[in-house]
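Each residue of the sequence shown is one higher than the one before, counting from 34 in the working numbering. No residue lacks a Cβ here, since even glycine has one placed at the ideal position from N, Cα and C.
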Amino acid sequence: MALDDKTLDQLAEHLHACQREARDTLKVTDDHPDMTWDDAYAIQDRILAAKLAGGAHLAGYKAGLTSHAKMKQMGVTDPVFGFLVDEFMVPAGGEVQTSELIHPKVEPEICFVTRHELQGPGCSIASVLAASDIVLPGIEVIDSRYRDFKFDLKSVVADNTSASRFVVGGHAVDARSVDLRTTGIVLEKNGQVVATGAGAAVVGHPAAAVAMLVNHLGRRGKTLPAGALVFSGGITAAVAVTAGDNLTLSVQGMGSVGVRFV
Ligand code: OOG
Ligand code: MG
């Protein structure tokens with residue numbers, strides 16, 4: 034760790050306030066270029082602790098920057114991990130208040146719900162599939178708190194990987210009943226196809242992204258609990274949205290989920 038507790042507290046409070054008040058900010062590594070990965074995750078942990086203290090509940094976790102399309106779009110080379118709380122949840126077909134966000138983008142994702150706790154290190158695609166209950170379509174709404182959506186990896190980790198809203202829906206299927214590598218997805222905005230892809234775009238197999246999350250949690254002395262929802266990462270580049278937009282994600286064999294920006 035390069036930063037002291039007081040600095041970590043201040044940065045967490047600052048980024049949390051920017052999220053709640055839909056204010057953008059300069060990336061935290063500008064003022065703290067020596068920040069370490071542990072510092073970045075320690076800031077994220079403090080934001081989660083503040084949310085839980087404020088009455089939120091942990092809904093699950095997310096892996097991000099897990100596809101080449103996303104890495105290329107953001108100019109980075111490694112996945113990152115964040116948390117999801119119930120206050121980010123939007124019902125299927127529901128509305129997102131655009132005024133509560135800075136510059137939202139949406140991502141088509143395949144989501145997992147675990148049946149058993151998973152522990153790393155050593156978690157593999159096979160262990161993820163064995164411990165999973167269902168998989169289902171999910172739209173993640175990301176909203177980096179950094180000006181112009183520009184960041185480096187440590188800054189985006191500190192900012193809880195741009196997490197802001199999420200919606201799951203369609204129909205869930207048994208995680209072991211489908212080949213998630215060849216599962217196709219279509220993302221539509223206002224009735225026009227804006228992105229297409231297949232599960233393999235996410236580190237070769239969406240379950241591999243979940244295994245990476247579990248191994249990451251294991252390095253930090255944590256496990257992925259039973260019943261956790263996991264967003265495995267955007268299959269395509271993220272798509273910018275504004276008020277008035279209607280988004281629909283269809284996933285092969287799993288129906289569709291939609292969300293409206295008002
Ligand atoms: C970071 C979060 C990326 C994903 O699915 O790749 C992410 C960002 O691009 O702002 O959630
Ligand atoms: Mg995402």
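Same chain, Cβ closer than 6 Å to residue i, neighbours up to 5 away in sequence not counted
i, result
"residue 170", "203, 282, 284, 287, 290"
"residue 241", "158"
"residue 146", "166, 167, 262"
"residue 61", "44, 188, 191"
"residue 217", "231, 285"
"residue 40", "none"
"residue 156", "244, 247, 248"
Status (buried if at least 16 other CB within 10 Å, exposed otherwise) for residue i
i, result
"residue 100", "buried"
"residue 215", "exposed"
"residue 223", "exposed"
"residue 207", "exposed"
"residue 236", "buried"
"residue 267", "buried"
"residue 112", "buried"
"residue 103", "buried"
Rounded distance between the beta-carbons of residue j and residue i, thought under 8 Å
i, j, result
"residue 118", "residue 91", "6 Å"
"residue 264", "residue 142", "5 Å"
"residue 84", "residue 114", "Not a contact, Cβ separation roughly 16 Å."
"residue 295", "residue 280", "With a Cβ gap of about 12 Å, residue 295 and residue 280 do not count as contacting."
Reference residue i, options the options, closest by Cα
i, options, result
"residue 199", "232, 174, 87", "174"
"residue 49", "67, 37, 77", "77"
"residue 210", "138, 221, 248, 163", "163"
"residue 274", "81, 56, 128, 259", "128"
"residue 243", "93, 56, 74", "93"
"residue 195", "116, 54, 294", "116"
"residue 161", "272, 56, 238, 53", "238"
"residue 136", "110, 122, 183, 111", "183"
"residue 228", "213, 255, 140, 150", "140"
"residue 220", "151, 295, 138, 185", "138"
"residue 86", "110, 56, 120", "120"
"residue 255", "152, 270, 201, 70", "152"
Contact set for residue i: own chain, Cβ-Cβ below 7 Å, skip 5 residues either direction
i, result
"residue 36", "65, 68, 72"
"residue 149", "164, 259"
Other residues of its chain near residue i: CB distance less than 8 Å, five sequence neighbours each side excluded
i, result
"residue 58", "47, 48, 51, 178, 179, 180"
"residue 42", "79"
"residue 154", "248, 251, 252"
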